[in-house]
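So the structure is just underneath, and the comments pick up after that.
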Amino acid sequence: MPKRRNESKKVAAASGDDRISAQPDDVLLQVLSLLPSEEVVRTCVLSRRWRQLWESTPTVRIARDGIRPWSVEWLDTFLRHLMLLRDNSSPLDDCEISCCPFLPDDTIILFCGERWIRDAIRVVPN
């Protein structure tokens with residue numbers, strides 16, 4: 007029996023069967039909503055099917071582990087582009103920004119943080 011399972015996996019891989027992309031948008035958006043936004047945006051290179059799907063994701067999740075610090079400038083640029091390019095007709099149900107640690111010289115965090123919150127609130131439906 008195990009041999010058949012391996013053979014069926016090889017056949018599916020060889021045929022180019024893309025079972026994930028065959029799922030409805032609602033299912034894919036639910037899966038994407040669980041991922042960090044950096045990863046969600048990267049899905050646009052998978053295929054034409056995925057090219058604009060990320061724009062309708064109902065969540066923004068900015069999170070990094072404590073190992074790799076990031077700069078406020080990078081995060082600010084990423085968030086501004088993310089909010090500008092996402093589909094504003096799609097609701098934003100959840101916005102999670104967990105952004106520590108920053109590099110030691112990042113003192114503009116308060117100014118940027120206020121703008122990030124303002125941008126997120128602006129796209130939340132009334």
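7 is the number of the first residue of the sequence shown in my numbering; add one for each residue after it. Beta carbons: idealized from backbone N, C-alpha and C, even for Gly. Source: prediction; values computed, not measured.
Expected contact under 8 Å - CB spacing of residue i and residue j to nearest Å
{"i": "L90", "j": "V47", "result": "In fact, because the Cβ distance is near 12 Å, the residues do not count as touching under 8 Å."}
{"i": "S6", "j": "S53", "result": "As displayed, the chain neither begins before 7 nor continues past 132, which places residue 6 out of reach and without an answer."}
{"i": "V66", "j": "L98", "result": "7 Å"}
Residues near residue i in its chain [Cβ-Cβ closer than 8 Å; skip 5 each side]
{"i": "D31", "result": "L59, S62"}
{"i": "P64", "result": "L35, S39, S96, P97, L98, D99, D100"}
Three-state class that DSSP yields for residue i in the structure shown
{"i": "P63", "result": "The sequence shown places Thr at residue 63, not Pro. Three-state result, T63: coil."}
{"i": "A18", "result": "Because the pLDDT at A18 is just 49, under 50, the model does not fix this residue reliably, and the value given afterwards should be weighed accordingly. Reduced to three states, the DSSP call for A18 is helix."}
{"i": "A126", "result": "helix"}
{"i": "S43", "result": "helix"}
Rounded separation between residue i and residue j - CA only
{"i": "C101", "j": "D23", "result": "34 Å"}
{"i": "R121", "j": "E44", "result": "19 Å"}
{"i": "S104", "j": "A126", "result": "14 Å"}
{"i": "I123", "j": "I26", "result": "33 Å"}
{"i": "R156", "j": "N94", "result": "Residue 156 lies beyond the residue range present for the chain, which begins at 7 and ends at 132; the question has no answer from this structure."}
{"i": "R55", "j": "W80", "result": "28 Å"}
{"i": "Q29", "j": "V37", "result": "11 Å"}
{"i": "A134", "j": "T49", "result": "Residue coverage of the chain in this structure runs from 7 to 132, which leaves residue 134 outside it and unanswerable."}
Other residues of its chain near residue i: CB distance less than 6 Å, five sequence neighbours each side excluded
{"i": "L85", "result": "W122"}
{"i": "R92", "result": "E61"}
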